[in-house]
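4 protein chains.
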Amino acid sequence: MIISMRAGATKEEVDHVIEQIGKMGYEAHPIYGKERVVIGAIGDERGKARLHALEAAPGVEQVVPILKPFKLAGRELRSDRSVVRVGDLKVGSDQFVVMAGPCSVESREQILETADAVKKAGAQILRGGAFKPRTSPYSFQGLEEEGLKLLAEAREKTGLRIVTEVMTPEDIPLVSKYTDILQVGARNMQNFVLLKRLGQARRPVLLKRSMMGTVQELLMSAEYIISQGNSDVILCERGIRTFETYTRNTFDLSAIPLLHQLTHLPVIADPSHGTGVRSLIPTMSKAAVAAGADGLMVEVHPNPEEAFSDGAQSLMPREFVELMADVRRYLPLEKRHL
Amino acid sequence: MIISMRAGATKEEVDHVIEQIGKMGYEAHPIYGKERVVIGAIGDERGKARLHALEAAPGVEQVVPILKPFKLAGRELRSDRSVVRVGDLKVGSDQFVVMAGPCSVESREQILETADAVKKAGAQILRGGAFKPRTSPYSFQGLEEEGLKLLAEAREKTGLRIVTEVMTPEDIPLVSKYTDILQVGARNMQNFVLLKRLGQARRPVLLKRSMMGTVQELLMSAEYIISQGNSDVILCERGIRTFETYTRNTFDLSAIPLLHQLTHLPVIADPSHGTGVRSLIPTMSKAAVAAGADGLMVEVHPNPEEAFSDGAQSLMPREFVELMADVRRYLPLEKRHL
Amino acid sequence: MIISMRAGATKEEVDHVIEQIGKMGYEAHPIYGKERVVIGAIGDERGKARLHALEAAPGVEQVVPILKPFKLAGRELRSDRSVVRVGDLKVGSDQFVVMAGPCSVESREQILETADAVKKAGAQILRGGAFKPRTSPYSFQGLEEEGLKLLAEAREKTGLRIVTEVMTPEDIPLVSKYTDILQVGARNMQNFVLLKRLGQARRPVLLKRSMMGTVQELLMSAEYIISQGNSDVILCERGIRTFETYTRNTFDLSAIPLLHQLTHLPVIADPSHGTGVRSLIPTMSKAAVAAGADGLMVEVHPNPEEAFSDGAQSLMPREFVELMADVRRYLPLEKRHL
Amino acid sequence: MIISMRAGATKEEVDHVIEQIGKMGYEAHPIYGKERVVIGAIGDERGKARLHALEAAPGVEQVVPILKPFKLAGRELRSDRSVVRVGDLKVGSDQFVVMAGPCSVESREQILETADAVKKAGAQILRGGAFKPRTSPYSFQGLEEEGLKLLAEAREKTGLRIVTEVMTPEDIPLVSKYTDILQVGARNMQNFVLLKRLGQARRPVLLKRSMMGTVQELLMSAEYIISQGNSDVILCERGIRTFETYTRNTFDLSAIPLLHQLTHLPVIADPSHGTGVRSLIPTMSKAAVAAGADGLMVEVHPNPEEAFSDGAQSLMPREFVELMADVRRYLPLEKRHL
């Protein structure tokens, strides 16, 4: 942390800040500049957020953080990449992992047909929501446990692994009974009670970036899970909210190589939510491979125009087959395989 | 909903969309324009989100919503303003309601001293967090039930009403035991399980706008609560996330008169989070009165520079006294009183 | 500037950065922390942007600016507020200045009728565009010199002062012939050639904040004008671009007290562009007074629904009369008068 | 355009809007819905922006545009892709075009050394700024004509084509004397006088997307140039401004396939400004190839840590060689070549 004093701060004000830094357990290192004094605070990084309060001390202009506040998720403690195992799959290795399926589980026919199609096209994991976070209370809210059972049946039939969302801590035991990966939706990236409880679960967690979450906040949310004992966390870039309205979100693909520099955790890309535009998904899937993603999450529906949710961004099975053909052409350049 | 076809869409494509609209239970009204066909879909508004899926139908360019998707929160069904009663207080009336107190309850001394100070300055409700949503797992997470008890003691001593945050559905019964208003924090604005459960609670709810939430999404979240049976919802504008970094958030004060046009629910302003800068809070409190806010929520701490959280945006008690003096000067112009 | 080295940076890397800082004319002050070294660079602030290039040096993690890069526009050199004189008017004093009129000058009748109406309602300055920056080349582009002459005629008839936009350096002499204040539109806030040339003009400049401009960038643009010799600069907050779509822009009213802390220059508010919604303008005008604005800029049109531009955010003359009545009620609380 | 009336609008209000639509030269098609009336307006798209003013008419709730307001830049009039010729180069064909060089021309040695290096690595066009738009008036503003001469000398020596920025209409003749492509910088994307004048120039124009420009606004700015007679426009995605601060901008790579759907114009990617982080540029260059970019613009400097501008995002020549090796591996998958 760097505490920058105002031009004209008095000696008493500077001394007071130095004293406060000491009281909070840090060492103060003042630099006396031409126009103002800046003071470095040295010590254990994890509690340093408290030093922000010094902005309330007289004569202080600004408190500027220098270090990254994440530890367990960061590369400084662990320089090799983590591999998260999901059954036989190794997420974060040279194996590229594709999760595909409908936004919502709608019916037995729908989910089994989709599972079969995405399996044949090369996906290894089936996605599908049983508990659905919907903006409107009047929209379809998911089949709940019935949906989970249908996902389990699809796994039985196809051998695909399952990823599905858990929306609230109470549901973790129920959802864990049926799924291989517990998904945290974008709107829950900072649902800290949920994150802590997932840190005690014995399932890998897929943590989606919030549409307004910074890369640093995403990593702090991963830190919540890891610090409770569960280090099987997979990150997912799925688009952020900006002023652009042609696309549903702005797909921040640069976040993928950036995250690979900052964390050892695997990072996958979700071009379906990332763009929200069906015709852009195949191209952006190729781009995600080139950007170094460890996998993809793609919405596929047998009949998008009648989907209960996200129809406008769901691919038909034959479109997904073409997407996978493109992905296969690109994987060798990144030394990856399915 | 308006479904806009591509220039060059075939007659078959247009007819198919018209048929699909009919199948979903709406009436289709095509307009044959110079360059393209647009089709209006008429019927009950609440389920219309499903029509979005038609963007996946061949020949469709865009599906544009026309109507507002909220009903119970909207002014079309209820043209007068709602008054939410909190004990003797009437939020949403000509009584202006001020909620003040620390970000977190830190100790008995701290909360009692603050309660006493804000009561004397004219506040009617004490705020203070016992369960704290913090970006970092290493930051102070709140005193939990111990904090709730201290708030109850402060109420006992001062007669102030209490507002405090509930972070997860399981905690609603516990928090309800001690508080007058259940607060939904900005990061939980779209925690739909929490919203539904609060719709079944028998306490007024203070719903804070998410830093990434549109005004429409805020109203849809209120709709979740009301549609479950609890219509005592108070909305709170507390700043949104933008590119500007001088302030912690961008305080969207225009949202207050806008919300008053769109909804009958009371709307208060939180200039502490709205700006995140202590020196801006008094001025923006006056501006909030002028913008028509039904009340204020302000962070006050006896010693901001040692606060466990939000010190940089907390006022000292004597600064809060000045703020209240300013507010008192402005209230008569809006025909309000404390 | 603070240069933060990576954890694990070698002694050679640190020494190299210290040497480079010296070569660029600054003094280096290293702080050796627990996990990394941070280096303060001391010296004249104005050229320090160059130090950013050190992010390219081996071992450097981040270069963090500490000081504000504006000087002439800042309060550190000049602690009292500047007053910009426009004829008898004193912008930035206890006189509150209202600029009102149509978006575009459309015809002799339109501008004279509007001028007369806004004068009677209490405005002191007539606004109206003769050169119009329009998103589409197919939209009305302004009456150009003809429009300027009509503005001059309106001044003649009413005694109102004139503010009108200049879009390009070549037009400064022409526009200066007819106007009292030269306006820089939001899209030209970083048209640096225009800013420099306006720094050599002998007319006050109204500098509008860009919809993508930070407060710091706005002040740097003012610095361009002042550093060329023209210190008569009036700043204008007119809304920034965010994710919210109900309003045309997000009116960043907190920027007004923030600017008053950072700069001695006068600051006015434009609620017409700030919100883009006619029904919000009167309320946000009151809020702007309470926020400490030195004046207002408001769009008024005799027949908004037939306006060539900005009809949806233009007030009718009778609505403007009501707005001014409200403003008059609020001014005494801020010790201001018209 | 769709004009949506308020629920409860009177027959007189609806009839008035229908009449106004007729007066402006459009055909009105009302749809009488359950809760409100919506009215389609049919006619020539280009002037429809005027219909927005109807938001000021009594009873109107919202005016919603349906059609895209660009014509000449759009694909509806021209379905094949345009190829912009720059000497022998064909931008927008299966030839992939790489523009590389320093942010600013700083000296003869610097530019000649860089030109030589990027030529050897495979670039076909040299970039370098002689007129520099800088946020601060105290930063290096460019060598101006001297810089242009050095660029011309580099062209002479290497055979590379030249792209350089023109900041103001008056400079177009001077800059045209020395350059092959006239660049419009991001901050000038809506400098409409400059755009119009470039529409009369006889040089291809590289139009950079503004950091707050929507895709639609970018195309409207291209429309300005084309509508004046110059259809040799190359678009460039270079990152937009969002809340994320780890990267300088958010590189909106999805805009590339989106633009290819909306326009026939070539689209290149600038990962240097797009990310602002040197270590991300090589990866994002590969991703840009996969996203279908027609070329790249990359900042290269012989000694980034001493660069006068943009050092933190400039590659060293040997890093650029590696980037080009990666690009070469990816081009065949997109059926492109250098």
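Chains as they are written, first to last, in the working numbering: chain P, 1 to 338; chain X, 339 to 676; chain Z, 677 to 1014; chain C, 1015 to 1352.
Every residue, glycine too, gets a C-beta built ideally from N, C-alpha and C.
query, result
"Thinking just about the alpha-carbon of each residue, which of P:I234, P:R203, P:I240 and P:V233 is nearest to the one in S210 (chain P)?", "P:I240"
"How is L335 (chain P) classed by DSSP in three states: helix, strand or coil?", "One point to set straight first is that residue 335 (chain P) is Lys, not Leu, in the sequence displayed. Looking at K335 (chain P) - three-state DSSP - the assignment turns out to be coil, as it is neither helix nor strand."
"Taking Cβ positions only, does T250 (chain P) come closer than 8 angstroms to chain C?", "yes"
"Is there contact between the region 1099-1113 of chain C and the region 1061-1079 of chain C, where contact requires at least three CB pairs shorter than 8 angstroms?", "no"
"For N529 (chain X) and S1118 (chain C), what's the separation of their Cα atoms in angstroms?", "49 angstroms"
"What in chain X is Cβ-close to M960 (chain Z), meaning under 8 angstroms?", "L591, S592, P595 and A629"
"From M1113 (chain C) to G1309 (chain C), what does the alpha carbon distance come to, in whole angstroms?", "8 angstroms"
"Taking C-beta pairs closer than 7 angstroms, name the residues in chain C that H728 (chain Z) reaches, listed in chain order.", "G1325 and A1326"
"8 angstroms is my cut-off, CB to CB: does H29 (chain P) come that close to chain D?", "Absence of chain D from the displayed structure is noted, the protein chains being P, X, Z and C."
"So, helix, strand or coil for L262 (chain P), using DSSP?", "helix"
"Specify the secondary structure class of P368 (chain X) as computed by DSSP and reduced to three states.", "strand"
"Would you mind stating whether D1324 (chain C) and E1313 (chain C) have Cβ atoms separated by less than 8 angstroms?", "yes"
"Where does G199 (chain P) fall in DSSP's three states?", "coil"
"Measuring only the C-alpha atoms, how far is K699 (chain Z) from A862 (chain Z)?", "39 angstroms"
"Give me, in chain order, the residues of the same chain whose beta-carbon lies closer than 6 angstroms to that of A117 (chain P); leave out the 5 immediate sequence neighbours on both sides.", "P317"
"Which of the three DSSP states is assigned to M1311 (chain C) in this structure?", "strand"
"My guess is that N979 (chain Z) and G950 (chain Z) are in contact by the Cβ rule of under 8 angstroms, so how many angstroms apart are they, rounded?", "That pair is no contact at about 23 angstroms."
"My understanding is that A1087 (chain C) touches E1237 (chain C), with C-beta atoms under 8 angstroms, so please give their C-beta distance in whole angstroms.", "5 angstroms"
"Could one say the Cβ of P173 (chain P) lies closer than 8 angstroms to chain X's Cβ atoms, at least one of them?", "no"
"When you compare only the Cα positions, how much space is there between L258 (chain P) and I226 (chain P)?", "20 angstroms"
"In chain Z, which residues lie less than 9 angstroms from T601 (chain X) when you measure between Cβ atoms?", "The contacting residues do not exist; T601 (chain X) stays about 12 angstroms from chain Z at best."
"Listed in chain order, which residues of the region 891-924 of chain Z have Cβ atoms closer than 8 angstroms to some Cβ of chain P?", "R917, T918, F919 and T921"
"Is there a Cβ from chain P that is less than 8 angstroms from the Cβ of R1211 (chain C)?", "no"
"From C:P1151, C:Q1155 and C:I1139, pick the residue whose C-alpha is nearest to that of L1165 (chain C); which is it?", "C:I1139"
"Got a sec: which bits of the region 317-329 of chain P sit with their beta carbon under 9 angstroms from any beta carbon on chain C, in order along the chain?", "D326 and R329"
"At least one CB of chain Z closer than 8 angstroms to the CB of E1184 (chain C): is that the case?", "yes"
"At a Cβ cut of 7 angstroms, what residues of the region 340-370 of chain X count as close to chain C, listed as they run along the chain?", "I340, S342, A345, H367 and I369"
"Kindly indicate which residue of Z:Q989, Z:E995, Z:S852 and Z:K1011 has the alpha-carbon position closest to the one of A969 (chain Z).", "Z:K1011"
"Please report the straight-line C-alpha distance between V1078 (chain C) and F1145 (chain C), rounded to a whole angstrom.", "41 angstroms"
"Using a C-beta to C-beta distance shorter than 9 angstroms, which residues of chain P count as neighbours of K766 (chain Z)?", "Neighbours of K766 (chain Z) on chain P: none; closest Cβ ~28 angstroms, over 9 angstroms."
"If Q183 (chain P) and Q200 (chain P) are in contact, beta carbons under 8 angstroms, what's the gap, nearest whole angstrom?", "17 angstroms between Cβ atoms; not a contact."
"Which residues of chain P have a Cβ atom closer than 7 angstroms to the Cβ of V531 (chain X), listed in chain order?", "M167 and T168"
"Beta-carbon of G340 (chain P) versus every beta-carbon of chain Z: anything under 8 angstroms?", "No answer is possible for residue 340 (chain P): the residues shown for chain P start at 1 and end at 338."
"If the criterion is Cβ atoms closer than 8 angstroms, does the pair A791 (chain Z) and L824 (chain Z) meet it?", "no"
"Name the chain P residues whose beta carbon is nearer than 7 angstroms to that of A1301 (chain C)?", "L253, A287, A290 and A291"
"CB L532 (chain X) to CB F408 (chain X), shorter than 8 angstroms?", "no"
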